[in-house]
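Residue numbers (our numbering): 971 to 1292. Don't be surprised by glycine CBs; every beta carbon is placed ideally from N, CA and C. Shown next, in structure tokens, is the structure this report addresses.
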Amino acid sequence: MKALKPKKPSLIEFTRKYSNDEEACYDFFWNAKHPDGFVCEKCGCTHYRKITRHRVTECKECGHQEYLFAGTIFQDNKLPLYKLLLGILLFFTSNKGISAVEMCSHLDVNYKTASLLCRKCRILMADDNASYVLNSMFYESDVIYIGAKSKEPGHRGMGTTKQPFLTVLSTGEENRYPKYIRLVPVAVDSGENISRYIPSFIMLSKDRVLNTDGKTTYNILKDRITVNNCKIDYDEDDHRLYWLNTIVGNIQNHITGIYHGESRRDLPLFLAEQEFRFNNRNEGKALIDNIRIYFNQLFPCPRRLIKSVLDKALPLFAPVCV
Ligand SMILES: [Zn+2]
């Protein structure tokens, strides 16, 4: 019998607790921001009063007012708190992903607002992913391709080009269902990119095995891990990299199916999102507690900053089109 995954946070429970209750929503974010209680940033005093209506906390000693979202990723948030919280919950608990268009309808907001919220959720996911170093005796890795729309400056028309991305996953036993994955877009399938990313994604040692498919580019790691890069016969039952290809196939479908209108610029965030969804698939109801932690870990990310960072990163992974 197939084992059931742990249940995710219930939408019914969530709406019962937070809808039409500005104070409950305020407390959600307030508790996330002050897990150890409030400390005034001006005078260090711990006595305060909450002014929910203005979304500020006022120090009782010096009168300093701290805005709820000051210094957080949602510093420029204009949404009612319930819409923001509901959007975050829907985004984090979806199995495959939510497009900005879908988010527009769920929250009854315009596309620009929905798209910014989705991007910020992906940034929170990417930030969490960055702390993962896979630790296992068995790994699998390959460079896979995905169709990506190119409508950035320098590309003619709206053609779709193939974007390579490096995948590595860890398994408990050789050739079994993966525990965790890491994904990153790369400009080319090269030894240089393998040696740049793989050592930061997985623990390496000579008694661990890295399975690949006949690729000599992985030989660059041979002194640090046992590389099994014999050619794979894909007609064989239970061939090596079976699960890598299955999982990555699902990820390719999620990205192309849900985000077909999006441009290549956002691809690192889409991959980060898919990576997060896979690695957190068994988190269940704990997801909502984790959101509180993620919320507190990042600095303000206005729309223009996000766009400029993504634009700057583009040459690192987009293949040169000639
Ligand atoms: Zn104070």
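Whole-angstrom distance between residue j and residue i, CA atom to CA atom
i: His1209; j: Gly1219; result: 16 Å
i: Gly1127; j: Gly1142; result: Because the pLDDT at Gly1127 is just 46, under 50, the model does not fix this residue reliably, and the value given afterwards should be weighed accordingly. When rounded, the distance between both Cα atoms is 45 Å.
i: Asp1203; j: Ile982; result: 48 Å
i: Thr1137; j: Leu1211; result: 11 Å
i: Asn1145; j: Asn1080; result: 45 Å
i: Leu1038; j: Met1073; result: 24 Å
i: Trp1213; j: Phe1135; result: 17 Å
i: Ala1283; j: Asp1097; result: 16 Å
i: Asp1112; j: Cys1200; result: 13 Å
i: Ile1116; j: Gln1222; result: 6 Å
i: Lys1277; j: Asp1236; result: 9 Å
i: Tyr1167; j: Ile1021; result: 47 Å
i: Leu1139; j: Phe1171; result: 9 Å
i: Ile1228; j: Asp1281; result: 22 Å
i: Ile1043; j: Lys1192; result: 41 Å
i: Pro1289; j: Phe1269; result: 30 Å
i: Lys969; j: Asn1215; result: An answer regarding residue 969 cannot be provided, because it is not within the stretch 971 to 1292 covered by the chain.
i: Glu992; j: Val1279; result: 34 Å
i: Ile1217; j: Phe1108; result: 16 Å
i: Gln1267; j: Asn1189; result: 37 Å
i: Arg1274; j: Glu1110; result: 37 Å
Same chain, Cβ closer than 8 Å to residue i, neighbours up to 5 away in sequence not counted
i: Tyr988; result: Ala994, Cys995, Phe998, Tyr1052, Leu1055 and Leu1056
i: Asn990; result: Tyr1052
i: Met1173; result: Val1103, Leu1104, Asn1105 and Ser1106
i: Thr1196; result: Lys1176, Asp1177, Arg1178, Val1179 and Leu1180
i: Asn1099; result: Arg1152, Ala1242, Glu1245, Phe1246 and Asn1249
i: His1034; result: Cys1010, Glu1011, Lys1012, Cys1013 and Glu1028
i: Arg1262; result: Phe998, Asn1001, Ala1002 and Pro1005
6 Å CB neighbourhood of residue i in its chain, flanking five on each side removed
i: Leu1239; result: Arg1092
i: Thr985; result: none
i: Asp1046; result: Pro1272
i: Ser1085; result: Ala1070
i: Lys1132; result: Tyr1115
i: Asn1163; result: Val1156
Secondary structure of residue i, DSSP reduced to three states
i: Ser1111; result: strand
i: Ile1021; result: strand
i: Thr1216; result: helix
i: Ile1093; result: helix
i: Glu992; result: helix
i: Lys977; result: coil
i: Cys1271; result: coil
i: Val1026; result: strand
i: Leu1051; result: helix
i: Pro1285; result: helix
i: Leu1104; result: strand
i: Ile1116; result: strand
i: Glu983; result: helix
i: Glu1072; result: helix
CB contact below 8 Å: residue i versus chain E
i: Pro1270; result: Protein chain content of the structure displayed is limited to a single chain, and chain E is not contained in it.
Proximal residues to residue i (C-beta, below 7 Å), its chain only, five neighbours per side dropped
i: Lys1185; result: Asn1199
i: Arg1251; result: Lys975
i: Lys1030; result: Cys1015, His1017, Tyr1018 and Arg1019
i: Leu1286; result: Ala1157
i: Leu1077; result: Lys1053, Leu1056, Gly1057 and Ala1084
i: Ile1225; result: Ile1116, Phe1240 and Gln1244
Item to complete: Could you name each continuous beta strand (DSSP E) segment of 3 residues or more that falls completely within the segment 1125-1180, going from the start of the chain to the end?
Response: When DSSP assignments are scanned along the segment 1125-1180, the uninterrupted stretches of beta strand (DSSP E) that are 3 or more residues long and fall wholly within it turn out to be 1130-1141 and 1148-1155.
Practice prompt. Please determine if the segment 1148-1162 and the segment 1089-1107 are in contact, where contact requires at least 3 C-beta pairs separated by less than 8 Å.
Written response: Yes, the segment 1148-1162 is in contact with the segment 1089-1107.
Practice prompt. Check whether the segment 1153-1167 touches the segment 1069-1089, counting contact only when three or more Cβ pairs, one atom from each stretch, lie closer than 8 Å.
Written response: Touching, no, given that fewer than three Cβ pairs across the two stretches are closer than 8 Å.
Practice prompt. Ignoring anything shorter than 4 residues or poking outside the segment 1182-1259, list the alpha helix (DSSP H) runs there in chain order.
Written response: List check, alpha helix (DSSP H) in window: 1212-1228 and 1237-1249.
Item to complete: Report yes or no: do the segment 1059-1069 and the segment 1253-1263 share at least 3 C-beta pairs separated by less than 8 Å?
Response: Enough Cβ pairs lie closer than 8 Å, so yes.
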